[in-house]
Amino acid sequence: MNNMLNRKGSAEIIGFLLILPFLLLPIINTVNMLGDLVRYDALRLAAKQALLRMEIEGGMTEDGMYILDSFLQSKNIDPADVHVDCTPYPVNYGEEVRICLTYQHRSRRYYITLTGLRRVEKDEPMVYGPISSVSKRRIE
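Sequential numbering from 1280 applies to the sequence shown in my numbering.
Given below as C-alpha cells:
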C-alpha cells in the first residue's frame, strides 16, 4: 500500500516537470519584453527632451548632445550604441527641427524545441522617431 502512494507521487512530480517549461516560458518572455519596453520608454523620453531643447536652442548643440548622452547613461543605455539623427544648430525661427534615435540592442527570447528550452538572442534596432517641431529661436 505504501509503495503505491510513492508511485502516484512520483508520476505527479514527473508530470509537473514535463509541464513546467510551458508554464515558465510566458513568464520569462514577458520579463524580457518588459526590459525592452523600459529601454524603449527611456529612448522615447530622451528624444522628447532633446527635441524640446532643440526647439529652445535652435537645433542640436554640443551641450544638447552631452545632456542627451548623460541622460542615456543614467538609464543604463550605452550612448555608443545609439545613433542620433537630428537637425544641427543653427536653425532659425519657424524652421523645422527633427530628431530620430536608433538604439542597437540585443533582444532575448526563449522558445520550446524538441530538445527543450532554447534561448535566442538577436541584435535588433530600436527606433524612436523621427519626431519634429518648430524652432523657437531667432538666429541673427
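Ideal Cβ positions, reconstructed from N, Cα and C, are used throughout, including at glycine. Remember, predicted model here, so these are calculated numbers, not experimental data.
At a cut of 8 Å, does the region 1301 to 1308 reach the region 1322 to 1339 through at least three beta carbon pairs? no
Beta-carbon contacts of R1397 that lie in its chain and below 6 Å, excluding the five residues immediately before and after: Y1390
Same chain, Cβ closer than 7 Å to Y1368, neighbours up to 5 away in sequence not counted: E1336, G1337, G1338, M1339 and T1340
For the alpha helix (DSSP H) containing M1405, name the first residue and the last one. First-last for M1405: G1395 to V1413, but that is the beta strand (DSSP E), not the alpha helix (DSSP H).
Tell me the rounded alpha-carbon separation between M1280 and G1288. With a pLDDT of 47 at M1280, under the threshold of 50, the modelled position of that residue is not reliable, and the figure given next carries that caveat. The straight-line gap from Cα to Cα measures roughly 13 Å.
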